Amino acid sequence: AAYGGMHLFEPIEVMYQETSNAVMGALLIHDIRNTKAYSYPAFKLNNPLQLFEHGSFHGGVWRCAFKISSIGEMSAVAYYLKTYSLQISAGSAAFAAAVMWLFTGKVGL
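Here's what the structure looks like:
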């Protein structure tokens with residue numbers, strides 16, 4: 001459910017599995033075939049973390065102001081509110097009517 005609301009937290013983009021598979025496969029082929037790639041064994045790196053500078057596929061997670069673990073719950077709430085807004089509204093109205101009837105004995109104004 002949290003994936004359904006992740007798009008509300010820019011710049012995160014949740015990819016379909018097929019998209020991730022295709023992009024990661026293309027990156028794998030690039031890393032194997034390109035002799036100028038950072039991942040090529042003969043390429044000298046100043047720091048192993050330089051591998052993440054080029055050719056990363058993160059979907060916006062590294063550019064987001066929030067950690068994924070901190071927005072998961074809010075993403076799920078946003079998704080459920082969007083998906084089930086009609087049911088939530090009907091349930092809230094029924095609950096309000098029941099409370100009004102319980103305290104006043106009347107339904108409605």
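Residue numbering for the sequence shown follows this note's numbering, beginning at 1 and increasing consecutively. Cβ atoms here follow ideal geometry from the backbone N, Cα and C, with glycine treated the same way. Predicted, not measured: the structure shown is a model, and the values here were computed from it.
If you count every other CB in all the chains shown that lies within 10 Å of the CB of residue i, and 16 or more means buried, which is it?
| i | result |
| --- | --- |
| residue 94 | exposed |
| residue 65 | exposed |
| residue 32 | exposed |
| residue 71 | buried |
| residue 149 | With the chain covering 1 to 109 only, the question about residue 149 has no answer from this structure. |
With the cut-off set at 9 Å, would you say residue i and residue j are in Cβ contact?
| i | j | result |
| --- | --- | --- |
| residue 75 | residue 25 | no |
Looking only at its own chain, which residues have a Cβ that is under 6 Å from the Cβ of residue i, when we skip the five neighbours before and after it?
| i | result |
| --- | --- |
| residue 54 | 38 |
Alpha helix (DSSP H) containing residue i: first to last residue?
| i | result |
| --- | --- |
| residue 69 | 68 to 83 |
| residue 18 | 17 to 33 |
| residue 3 | 2 to 5 |
Only counting the same chain, and skipping five residues up and downstream in sequence, which positions put a Cβ closer than 8 Å to that of residue i?
| i | result |
| --- | --- |
| residue 50 | 38 |
*Flag this pair as touching only if the segment 43 to 56 and the segment 80 to 100 have three or more C-beta atom pairs under 8 Å; answer yes or no.*
A contact between stretches requires three or more CB pairs, one per stretch, nearer than 8 Å, and the segment 43 to 56 fails this requirement with the segment 80 to 100.
_Contact the segment 81 to 93 vs the segment 10 to 28: 3+ CB pairs below 8 Å_ = Touching, no.
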